[in-house]
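Remarks on the structure that follows.
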Amino acid sequence: MNYKPDEGTLISYLYGELSADEAAKVQAYLQANPEELKKWQALSNTKEVMAHVQDKEVIAPPIFMDDTKVVSFWNNNYFKTVMSIAASVLFLMVAGKLLGTEINYQQGELKISFGGKKVQIENPAQPMLTEDKVQEMIQSSLAKNNEVITAGWTEDQKRLSQSIRKNLDQNSRKIDELMKTASDASQEQVRGFVASLQNDNLKLMKDYFQLSAADQKKYTESLLVDFSEYLKEQRKQDLMILQTRVNSIEKNTDQFKQETEQILANIISTPMNKNNRNSY
Amino acid sequence: MAETLLDIAMMHSDSLIARAREGDKTAQSKLVQLWYKRIYNFGYKFFYDHDLAMEVAQKTFISMHKNIAGLQEVTRFKSWLYTIAVNYCREEARKRKTNRAISLNDLKPGEGEESYRWEESHQRRENPERQLRQSELSDLLQSCLMELSAEQREVVIMKEYEGLKFREIAETLGISENTVKSRMYYGLEGLKKILEQKKITKETIGYEL
């Protein structure tokens, strides 16, 4: 028997989704192959165990959905915008009526008036004026203007030159006065300055000498003291040296004495012994 | 799975679907009432989470309401509805993947314990206790289901709990029937291993219940 069902067929058999013929084939195959039957039974057992998972009870919430909103003509956006424009225009018209607004456009002029009173603005522009006249008027006004300006300039120049002269005179006078006072004051000041300088110098010199003399005194005194102390010390040391020398001389003389005494004693003793021996 | 009146009504709801497709609000509302539990339970089994299941169910029915006019064939309503639900499930799963923070409320009590809660009692009593054990077993098996990959899980749920035919599942997921069967086969294989690891067998369940 060559028939061997695949995984798909086995799982379909498990869920009873095979035709009667195929189911019979699979059944025969499983009966003939106990190993495969065991495997299939394991799957069947798993299926049975997993069937114990219970459904959760839940109550469907009331769902109100109304997507197809019937937008009324009044709620239509287009209508709303048109109506708002119309309303604002109407408002302007009513306001204009109440304020008595009047708008006219005549002969290149736009007239807006409020309050119902017609204000007649006279046209300043003379239609009778020609280009030449305008030119003449401009030239005459320019000439007048030039005259006025030149007159103004000359007057200003005169005033300026006068004020400059005045200022110069005043300045020169002031400088002269200053120079005079400066020359007068300088001689006395120089004298005073020199005298004060001399006094200062004298004071300085005095102080310097006084200070230097006192310092020198102190220095020489300290020097003398130091020198006398040094001399004293030196003398002490000399005396000590002399004393030690005298002492050493004394010691030497004593030693010498003792040695001579010993020698003399030896000398004296030796002939006596010799004589004694000879007598024997 | 014993057929309830609701199931029968669902099976014979072609005229209802046709009316709903034409914009009948009452028919649409009735469809929601008929299918809400199924879609909620599909979402619940997919996520093992009440809030997410509610979210998916609500989104599915809002989408159904918006798009039912475009449904070509009335007979394909079931797979069409599950397609919407699966898409929302996948979307929510993606969101959850990106936002991995776990609320403390998500932790199930008794998780990680050696012995299972449904094994603790050895007294065979009827009703409340039996019901409790049954719901505990259901939770345990649900946690086993969560260990499957999302692809296998959605096929297993559709086949085992929603009772869709392999052809309908293939239509819903937009894949071949053979792929569906293959996923189902390996899904069951995987569940077998998970149950073995957790020492849950047909016999122990039979004894406990």
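First to last, the sequence lines map onto chains A and B.
Note that this note's numbering has the first sequence beginning at 61, numbered continuously upward.
Note that this note's numbering has the second sequence beginning at 35, numbered continuously upward.
For every residue, glycine included, the Cβ atom is placed at its ideal position computed from N, Cα and C.
Keep in mind the model is a prediction, meaning the values are calculated, not measured.
Using a Cβ distance threshold of 8 Å, Tyr-116/B and Met-192/B count as a contacting pair. In this structure, DSSP gives Ile-172/A an extended state, which the three-state scheme calls strand. Against Asp-81/A, chain B offers no close residue; the least beta-carbon distance is about 18 Å (beta-carbon pairs closer than 8 Å).
Under the 8 Å criterion on CB atoms, Gln-114/A is classed as interfacial with respect to chain B.
Residues Ile-203, Val-214, Arg-217, Met-218, Gly-221 of the same chain have their beta carbon placed closer than 7 Å to that of Val-189/B, with the five preceding and five following residues left out of the count.
With a threshold of 16 other beta carbon atoms within 10 Å, Val-90/B meets it and is buried. Neighbours of Lys-79/B in chain A, taken as residues whose beta carbon is under 8 Å from its own, are Val-113 in chain order.
Of all C-beta pairs linking the segment 135-151 of chain A to the segment 105-122 of chain B, fewer than three are shorter than 8 Å, placing the two stretches out of contact.
Judged by beta-carbon spacing, Val-66/B lies within the 8 Å limit of Ala-120/A, meaning their Cβ atoms are closer than that value.
Cβ atoms of Phe-200/B and Glu-185/B stay farther apart than 8 Å, at about 15 Å. A Cβ-Cβ distance of about 13 Å is found for the pair Trp-100/A and Leu-78/A, leaving them out of contact under the 8 Å criterion. In this structure, DSSP gives Tyr-165/A an extended state, which the three-state scheme calls strand. Unbroken alpha helix (DSSP H) stretches of 4 residues or longer found wholly inside the segment 185-225 of chain B: 200-207, given in chain order. DSSP, reduced to helix, strand and coil, places Gln-199/A within a helical segment of the structure shown.
Among the residues of chain B, none has a CB under 9 Å from the CB of Glu-95/A; the nearest is roughly 15 Å distant. Take the alpha-carbon of Glu-237/B and the one of Asp-58/B: they are about 50 Å apart. The beta-carbon distance between Val-86/A and Ile-239/B, rounded to whole angstroms, is 27 Å. This is too long to meet the 8 Å contact definition. With respect to the 8 Å criterion, Leu-90/A and Leu-97/A are classified as neighbours on the basis of their beta carbons.
Around Gln-186/B, no beta-carbon contact reaches into chain A at under 9 Å, the shortest distance being about 12 Å. Any Cβ of chain B closer than 8 Å to the Cβ of Met-153/A would place that residue at the interface, and such an atom is absent. Nearest to Ile-118/B by alpha-carbon distance, out of Met-98/B, Leu-229/B, Lys-129/B, is Met-98/B.
Rounded to the nearest whole angstrom, the C-alpha separation of Ser-200/A and Gly-212/A is 18 Å. Counted as a single uninterrupted DSSP element, the alpha helix (DSSP H) harbouring Met-88/B occupies residues 84-101.
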